[in-house]
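Trainee: With our numbering, the residue at position 113 of the sequence shown is 177, and numbering never jumps.
Ideal Cβ placement from N, Cα and C applies to all residues, glycine included.
Below is one structure. I have some questions about it.
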Amino acid sequence: MQIMKGHPYFKIRSFSTLREMLWQSVDLYHDKVAFRYREQPGGDLLVKTYGEFKQEIQNLGTALQALGLNGCRLAVVGENSYTWCLAHATMVCGAGVAVPLDRLLPAEEIISLLDRGNVDVVFYDPSYHAALMTAAAAQPRLRALICLRPSRFGREPAPAWDKPTHQLLAQDNPDEQNPACKLLVLDDLLKWGAQLRANGDEAFDRVAIDPGALMALLYTSGTTSTSKAV
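If you want it as structure tokens, here you go:
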């Protein structure tokens with residue numbers, strides 16, 4: 065009997081978290097292109113390297129930490145985009161529990177899933193703004209709605225956006241003039257996070273990730289019954 069022994073074609077990388085895996089990839093391919101995309105059909109081709117992707121994850125994560133949103137449940141709903149990937153990657157790299165939602169769901173089901181998932185923060189595209197404002201009015205747990213691409217409001221008037229500050233969410237008595245749920249823009253958070261990091265804020269880098277802890281809530285299709293989180 066002949067014993068056949070295989071051999072690996074590639075060295076297997078060892079890691080215990082998605083952040084560790086991604087950071088390894090950044091070390092290996094730092095200046096190589098990780099994303100190629102267009103903001104609009106026929107628009108300019110934009111690129112992001114692995115190094116730039118990591119930097120923006122750190123900037124966004126630092127901003128969320130400074131707002132006191134670390135460890136929250138964070139949902140994301142929107143079209144396929146770089147900003148969607150950035151938001152989701154930041155969640156699984158230490159910002160909290162990711163709750164990705166199907167963009168084709170009707171508004172009432174999205175609102176229901178946010179409630180059932182005990183979601184604190186939502187990253188979203190403008191087409192979901194009305195539904196999320198309805199959710200915010202009915203769900204006091206929601207603390208922030210973060211618009212991924214506000215330029216896509218088009219001819220519709222954009223909301224009055226809040227500016228990120230350390231005190232933004234530290235409000236004891238919210239009212240109509242000072243609602244509990246703040247409206248933020250992703251680009252503002254990225255810029256603020258970059259400023260915080262330039263001033264020495266490394267809190268997000270020090271977040272410990274438990275490989276055995278809950279990382280994401282993924283809802284089933286609900287074909288035969290109410291969708292379930294797994």
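Exposed or buried, which one is residue 120 when buried takes at least 16 other CB atoms within 10 Å?
Mentor: On the sequence shown, position 56 is the one that residue 120 refers to. Burial call: buried.
Trainee: Using alpha carbons as the reference points, say which of 282, 91 and 75 lies closest to residue 183.
Mentor: Here residue 183 refers to the residue found at position 119 when the sequence shown is read from its first residue. Minimum Cα distance to residue 183 is reached at 282.
Trainee: What are the boundary residues of the beta strand (DSSP E) that includes residue 248?
Mentor: By 1-based counting over the sequence shown, the position of residue 248 is 184. Element bounds for residue 248: 246-249.
Trainee: For the region 122-131 and the region 144-154, state whether three or more C-beta atom pairs, one from each stretch, are separated by less than 8 Å.
Mentor: The region 122-131 vs the region 144-154: in contact.
Trainee: For residue 142 versus residue 101, is the C-beta distance shorter than 8 Å?
Mentor: Along the sequence shown, one-based indexing puts residue 142 at 78. Along the sequence shown, one-based indexing puts residue 101 at 37. No. Outside cutoff.
Trainee: Please work out which residues of its chain come closer than 7 Å, Cβ to Cβ, to residue 171, disregarding the five sequence neighbours upstream and downstream, and give them in chain order.
Mentor: Looking up residue 171 in the sequence shown gives position 107. The answer, listed in chain order, is 195.
Trainee: How is the beta strand (DSSP E) around residue 112 delimited, first residue to last?
Mentor: For the purposes of this step, residue 112 is taken as residue 48 along the sequence shown, with counting starting at 1. Segment 110-113, the beta strand (DSSP E) holding residue 112.
Trainee: Please return the same chain residues whose Cβ sits closer than 6 Å to the Cβ of residue 280, not counting the five positions on each side in sequence.
Mentor: On the sequence shown, residue 280 is found 216 positions in, with the first residue counted as 1. Around residue 280: 162.
Trainee: Looking at residue 100 and the ligand FAD, is the gap between the Cβ and the nearest heavy atom below 7 Å?
Mentor: Absence of the ligand FAD is noted for the structure shown, with no ligands found whatsoever.
Trainee: Anyone know if the C-beta pair for residue 265 and residue 248 falls short of 8 Å?
Mentor: Within the sequence shown, the letter at position 201 stands for residue 265. Within the sequence shown, the letter at position 184 stands for residue 248. No, the pair does not count as a contact, with Cβ atoms beyond the cut-off.
Trainee: Are residue 90 and residue 99 closer than 8 Å when you measure CB to CB?
Mentor: Position 26 of the sequence shown holds residue 90. Position 35 of the sequence shown holds residue 99. Not closer than 8 Å, so no.
Trainee: Scan the region 183-235 and note each continuous beta strand (DSSP E) run of 3 residues or more that stays entirely inside, going in chain order.
Mentor: The region 183-235 contains these whole beta strand (DSSP E) runs: 185-188 and 208-211.
Trainee: Quick check on residue 101: does DSSP put it in helix, strand or coil?
Mentor: Taking the sequence shown and counting its residues from 1, one reaches residue 101 at position 37. In this structure, residue 101 counts as strand in the three-state DSSP scheme.
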